[in-house]
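A short write-up of the structure that comes next.
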Ligand code: ADP
Ligand code: 5GP
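Residue numbers (the numbering used here): 13 to 219.
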């Protein structure tokens, strides 16, 4: 069956014929998106989840590998793909740090009947939801407070002090996007949040 969505210009567009659905996770950095997404993918094979590998112009962090967590591109390579129209959406999430979802990645996975999981910033999350409509469920992961975000980012120890401040400076504005999402998942007690994520997916994918 042909399916349709709405692009950023409000036009109706075909979104392919695949049976897969989209699960979009967004939140300020440090809220626990990756922790919850990795848990779902590792412990719940019955959901048939496939992670959408984004492209980014930031350098790899820690043990990150090209083609696993991200496709790592130079800023120039990223700009060339923007020019070529290869992105479903992209954002300059932090200054000179581009992140984007490649159209070909998503369509291939959906066509294969996989349920595609996105870990994207709040604007990207809203754009993907708008594009795919009822085929997508968007989930905002809400941290208990900005102070707790700071603690988690410091404890995660993957960013230097300046990068942590840059991420926190954006958090207040990002938190204001919560009402634009289909569901808000509070991540205070991690075990409670994981269980809630499982029920949200069961309900959405079981429809
Ligand atoms: P994000 O992907 O949203 O940037 P992460 O999943 O990397 O966030 O989580 C940030 C840090 O907080 C990690 O070190 C993670 O282990 C920790 N964390 C995640 N959820 C919780 C929680 N509920 N309570 C305490 N620490 C948490
Ligand atoms: P990080 O540098 O911590 O991996 O990611 C920083 C932010 O970029 C996070 O909020 C993450 O969700 C977001 N992000 C990752 N990939 C994409 C993408 O393809 N598109 C958009 N819009 N944001 C993304």
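The C-beta atom is built at its ideal place from N, Cα and C for all residues, glycine as well. Note that the structure is predicted; figures quoted are calculated from it, not measured.
Identified DSSP bridge partners for residue i
| i | result |
| --- | --- |
| residue 36 | 130 and 150 |
| residue 66 | 82 |
| residue 104 | 110 |
| residue 165 | The partner list for residue 165 (beta bridge, DSSP) is empty, contrary to what the question assumes. |
Any non-hydrogen atom of the ligand ADP closer than 8 Å to residue i Cβ
| i | result |
| --- | --- |
| residue 45 | yes |
| residue 199 | yes |
| residue 133 | no |
Cβ neighbour criterion (16 or more within 10 Å) applied to residue i
| i | result |
| --- | --- |
| residue 78 | exposed |
| residue 138 | buried |
| residue 40 | buried |
| residue 153 | buried |
| residue 32 | buried |
| residue 203 | exposed |
| residue 21 | The pLDDT assigned to residue 21 is 49, lower than 50, so where the model puts this residue is not dependable; a value taken from the coordinates is nonetheless given after this. Residue 21 should be labelled exposed. |
Cα-Cα separation between residue i and residue j, rounded to whole angstroms
| i | j | result |
| --- | --- | --- |
| residue 184 | residue 63 | 27 Å |
| residue 36 | residue 65 | 13 Å |
| residue 100 | residue 114 | 6 Å |
| residue 5 | residue 176 | It is not possible to answer for residue 5, since the shown part of the chain is limited to 13 through 219. |
| residue 252 | residue 166 | There is no way to answer for residue 252, as the model of the chain reaches only from 13 to 219. |
| residue 125 | residue 146 | 16 Å |
| residue 69 | residue 182 | 19 Å |
| residue 207 | residue 53 | 13 Å |
| residue 192 | residue 151 | 10 Å |
| residue 86 | residue 57 | 34 Å |
| residue 140 | residue 51 | 22 Å |
| residue 213 | residue 83 | 27 Å |
| residue 163 | residue 49 | 20 Å |
Check: residue i C-beta below 8 Å from any heavy atom of the ligand 5GP
| i | result |
| --- | --- |
| residue 40 | yes |
| residue 125 | no |
| residue 188 | no |
| residue 216 | no |
Residue i Cβ short of 8 Å to the ligand MG heavy atom set
| i | result |
| --- | --- |
| residue 205 | The ligand MG is absent from the structure shown, which contains only the ligand ADP and the ligand 5GP. |
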